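> Got a structure for you, questions after.
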Amino acid sequence: MAEYMLELKGITKTFPGVKALDNVYFKLKPGEIHALMGENGAGKSTFIKVITGVHPADEGELYFNGQRVDIKNPTDAKRMGIAAIYQHVTCYPDLSVTENIFMGHEKIQKRTKRILWNDMHTAAEGLLKELGAGFSPKTLMGSLSVAQQQIVEIAKALSVDAKIIIMDEPTAALTKRESEDLYRIAEGLRDKGAAIIFISHRFEDMYRLASRVTVFRDSRYIGTWNVDEITNNDLIIAMVGREITQLFPKKEAQIGEELLRVEGLGRTGYFADVSFTLRRGEILGLTGLVGAGRTEVCQSLFGIERSDKGKVFLNGQEVNIRKPDDAMRKGMGYLPEDRQKQGLVLQWSIGRNITLSSLKKVSGKGVLNLEKEANLAKSLAEKMNVKAKSIFDLAGSLSGGNQQKVVFAKLLTTDVEVIILDEPTKGVDVGAKSAIYEIISDLACQGYGILMVSSEMPEIIGMCDRVAVMREGRITALLERHSITQEAILQAAMADERPLQQQY
Amino acid sequence: MEPRIVTNKQPFSYKRFFLQWEWMLVLLFLAITVMNMNLSEFYWDYENLRDATMGFLDKAFIVLPMVFVIILADIDISVASIVALSSVIMADLFNRGVPLELAMIICLVVGTVCGWINGMLIVKYKELSSVIITLSTMIIYRGIAYMILEDQAAGSFPDWFSYLGWGYVGSIPFILIVFTVFAVLFSLLLHKTVFGRQLYAMGNNTTAARFSGIRVDRIKVIVFTLAGLMAAVTALFLTSRMGSTRPNIAMGYELDVIAMVVLGGISTAGGKGRMIGAILAVFLIGFLRYGLGLVNVQAQILLIIIGVLLIAAVAVPQLKRSNRLTRNT
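Respectively, the protein sequence lines represent chains A and B. Counting from 1, one number per residue, gives the positions in the first sequence under the UniProt record's numbering. Counting from 1, one number per residue, gives the positions in the second sequence under the UniProt record's numbering.
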């Protein structure tokens, strides 16, 4: 048997405009639990997709038990015994556990093509017993808890005789005790000879389970260490250690009076006890890992979802915001995370998109004044430096950065003072990023209060006056400008606390 | 210097102007006219054509708000049942001694309320599609109509009531005048107002519309309420034309109406199409039916022709997408 069960050499994967994996190396020994860590967007998900054949690699070599292989599609991966268990379980909630386990490889009597239900139930029961699960294989998948569903997913991996099992943040939605059960199952699988790639944001998971850890950063391979030979601090530096360049044209803005105050805002199951203030001219960062509840907080403030606890004050007055229209009337605008789905009507021209939020301004008694509309759209498109021939170009034909500028233009047609930006540079190339930072900085100078959600450490550090860090639905740290460092942010984002679910 | 946006006026393009679905309808319209003239010598006659419109314009009132509904990528199949319910309630109240003027107003109110209920249910239960909800209310509204009249006819209205469906102003049918007024109003509402722009935005991308501060639920309720109101207007004219009413009145109208809207180039995917297309489709199908009726073509054959036209309406823009024959917004 070869020394390594799976070996990746120089794997590169490019999506239009983005290098998602850049010359990545990875070695997996048989019978080991290998942790894979990195920030959001470090390339972990793409890495899994390459191994499982969802996105075949563009360049590089893959070795399985010492043999050169190509994984071109999920079937190839399955044949080699590679199975992935995802954070969000992908199951059929209305089917039984047995059906979920054997989906796609049902036991069938050869001649009559009849499904052998009894055989399948017996086999499923055996697998579940092996994993120490206390439920019957005839239970409906949808009636199980997330932890139990994860066990079913593991059983599914076992049913195809998986030799390499990838677990993508399996503990993210689990309580401490459930995690403990999962650790035991993972160890049991390891002892039987399976190799496990364990992806997690929790240092705790890694220390408890893994013998080796590999770190990715910015789509690149950083290194592999033995877990007992690396300190917490070294690991954090490995994950974030990059230079912060002068990409950020942050100008000093006059910071004025308080515009927005949030007190004890909460939404059951999503976030709790969120409090902060935002002043005129200030850029307040809101960061944390994906799923920490940042977007949920913003959408509650903007009236997309309703919060059920806490108070919001705008300009010192308590406001009750039930829908986006209320928020905009009271002076708060939102630039959504997904500009294609939430920000733009792609089939429409730039001009129509820009005026969509403020049609009242370009109409009299409900009747549109097309000339006024065109003028408003043109002036804002120029102000935001949208690169297009005319305001009649389709929004869908623009590049990501230009689309984002159109969404900014739309936001600025409204009379808002507080602007919430949700990942304003997501999926935007470097040049356009810098242009967007300039817009944000200018807006702060003009006296807008800006709340900026971002997962990108450099832009948080480069742009923000203060940073609130969220973890599992709570604000775990509020850092002033001079104390904003990558280490401080990561520490707060990953600080070990009990998950929110346990408290409800 | 960065490149600037050069123009805020859209240049005129012959290509864009002529590659519109509505020209296709105009061509079809001419073809049908020529065909009908060859089929029957009685077709090309002002009075005949004029009177023919009186026979098919009753349901056209529902076509107008149905354009809004389908632009929202929804559908309302309860409209015919609303016609029946509001018509039956009007006739029943009149037969019980309520003055006809008051009963007519109640008819409009009943239709409006039925439409509003549809809208509220659709907004409230977002996980259910509008097909399912209006299918349910379609059965319920028709069922109530049957409970009230128990398969009897009601009517014996005063003479002046028949003016709605049969009367003329000068030499122009009254119903044609009323329809023209409504058609102009609905066209303006759709194409010239903030409300219309917001409809198209919702039809193309409801999420983006919502994030842009558009009150999407309210607009949806208004649109379905309008459909109910216009169904009641149809009830007035149709009852007048028939002279009496039954619970099974206007059976199958919802399909006729939807067919006209789709043929008019309003995409069931939402966000595309224009009012003029639907109005052209009303006359197209109306005159086709009239012409074939003159030469005693079976009704079933007519249905087949309409079916083929519908498939063409859906397929042609698909085939020609690369040539930009698009149904304009």
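For glycine and all other residues, C-beta sits at the position ideal for the given N, C-alpha and C. If you're wondering where the values come from, they're calculated on a predicted model, not measured in any experiment.
Mind checking which residues open and close the alpha helix (DSSP H) that includes residue 92(A)?
Premise fails: residue 92(A) is in no alpha helix (DSSP H) and is neither H nor E.
> In chain order, what residues of the same chain lie with their CB nearer than 8 angstroms to the CB of residue 42(B), ignoring the 5 residues before and after it?
Cβ within range, chain order: 48, 294.
> State the DSSP-derived secondary structure class of residue 308(A), mapped to helix, strand or coil.
Coil at residue 308(A), not helix or strand.
> Just to confirm the assignment, what range does the beta strand (DSSP E) spanning residue 63(A) have?
Where residue 63(A) is concerned, the enclosing beta strand (DSSP E) stretches over 59 to 64.
> Compare the C-beta of residue 268(B) with all C-beta atoms of chain A and state if any pair is closer than 8 angstroms.
With 8 angstroms as the cut-off, residue 268(B) does not count as an interface residue toward chain A.
> For the segment 334 to 361 of chain A, which residues have a beta carbon sitting closer than 8 angstroms to at least one beta carbon of chain B?
Those residues of the segment 334 to 361 of chain A that come within reach of chain B (Cβ to Cβ, closer than 8 angstroms) are 334, 336, 341, 342, 343, 344, 345, 346, 347, 348, 351, 352, 356, 357, 359, 360.
> Considering just the uninterrupted stretch of the alpha helix (DSSP H) at residue 331(B), what are its terminal residues?
Residue coverage of chain B in this structure runs from 1 to 329, which leaves residue 331(B) outside it and unanswerable.
> Residue 123(B) versus chain A: which residues are under 9 angstroms apart at the beta carbon?
Result: empty, since nearest Cβ-Cβ is about 12 angstroms, beyond 9 angstroms.
> Does any residue of chain A have a CB that is nearer than 8 angstroms to the CB of residue 201(B)?
Judged by the 8 angstroms Cβ criterion, residue 201(B) is in contact with chain A.
> How big is the Cα-Cα spacing for residue 344(A) and residue 152(A)?
When rounded, the distance between both Cα atoms is 40 angstroms.
> Take residue 210(B) and list the residues in its own chain whose beta-carbon comes closer than 7 angstroms to its own, dropping the five residues that flank it on each side.
Counting only Cβ-Cβ distances below 7 angstroms, and skipping sequence neighbours, we find 216.
> Considering only the beta carbon of each residue, do residue 303(A) and residue 467(A) sit closer than 8 angstroms?
No, they are not a contact pair.
> Relative to the C-alpha of residue 251(B), which candidate in 115(B), 23(B), 17(B), 139(B) has its C-alpha closest?
Nearest C-alpha to residue 251(B): 139(B).
> When DSSP labels each residue in this structure, what does residue 465(A) get in the three-state scheme?
In the structure shown, residue 465(A) sits in coil (DSSP, three-state: anything other than H, G, I, E or B).
> Pick from 447(A), 249(A), 10(A): whose alpha carbon is nearest that of residue 24(A)?
When each option's Cα is compared against that of residue 24(A), the closest is 10(A).
> What does DSSP give as the partner residue(s) for residue 159(B) in the beta ladder?
In the DSSP output, where bridge partners are listed per residue, residue 159(B) has none listed.
> As an exercise, report each continuous beta strand (DSSP E) stretch of at least 3 residues that is fully enclosed by the segment 137 to 171 of chain A, in chain order.
DSSP runs (the beta strand (DSSP E)) wholly in the segment 137 to 171 of chain A: 164 to 168.
> Within 8 angstroms (strictly less), CB to CB, does residue 332(A) reach chain B?
No - not a single Cβ of chain B is within 8 angstroms of the one on residue 332(A).
> For residue 262(A), go through chain B and note every residue whose CB falls closer than 8 angstroms to its CB, in chain order.
Correct list: empty, because the minimum Cβ distance to chain B is about 20 angstroms.
> Check whether the Cβ of residue 195(B) lies closer than 8 angstroms to any Cβ atom in chain A.
It does: the Cβ of residue 195(B) has a partner Cβ on chain A nearer than 8 angstroms.
> Can you find a CB in chain A that lies within less than 8 angstroms of the CB of residue 208(B)?
At least one chain A Cβ lies under 8 angstroms of residue 208(B).
> Going by beta-carbon coordinates alone, are residue 294(A) and residue 300(A) separated by less than 8 angstroms?
Not closer than 8 angstroms, so no.
> Examine chain B for any beta-carbon lying closer than 8 angstroms to the beta-carbon of residue 93(A), and answer yes or no.
No - not a single Cβ of chain B is within 8 angstroms of the one on residue 93(A).
> DSSP state of residue 221(A), grouped into three classes?
Strand.
> Leaving out five residues on either side along the sequence, give the residues of the same chain with a beta carbon under 6 angstroms from the beta carbon of residue 178(A).
147.
> Tell me, which residues are paired with residue 279(A) by DSSP?
258(A).
> What does DSSP give as the partner residue(s) for residue 22(A) in the beta ladder?
Paired residue(s): 220(A).
> Which value, in whole angstroms, describes the spacing of the CA atoms of residue 394(A) and residue 333(A)?
So the two alpha carbons sit approximately 24 angstroms from each other.
> Would you mind working out which of 3(A), 398(A), 42(A) sits nearest residue 216(A), comparing C-alpha positions?
Considering only alpha carbons, the answer is 42(A).
> In chain order, which beta strand (DSSP E) runs of at least 3 residues are fully inside the segment 24 to 58 of chain A?
If we require 3 residues or more, the beta strand (DSSP E) runs fully inside the segment 24 to 58 of chain A come out as 33 to 37.
> Quick check on DSSP: helix, strand or coil for residue 489(A)?
Three-state DSSP puts residue 489(A) in a helix.
> Helix, strand or coil for residue 422(A)? Go by DSSP, reduced to three states.
Of the three classes helix, strand and coil, the one that applies to residue 422(A) here is strand, per DSSP.
> Taking only beta-carbon positions, decide if residue 126(B) is within less than 8 angstroms of chain A.
No - not a single Cβ of chain A is within 8 angstroms of the one on residue 126(B).
> So that I know if they touch, is there some Cβ in chain B lying closer than 8 angstroms to that of residue 366(A)?
Yes, because at least one Cβ of chain B sits closer than 8 angstroms to the Cβ of residue 366(A).
> So, are the CB atoms of residue 120(A) and residue 102(A) less than 8 angstroms apart?
Yes; because the gap between Cβ atoms is below 8 angstroms, this pair is in contact.
> Name the chain A residues whose beta carbon is nearer than 8 angstroms to that of residue 212(B)?
Those within 8 angstroms of residue 212(B) in chain A are 324, 356, 357, 410.
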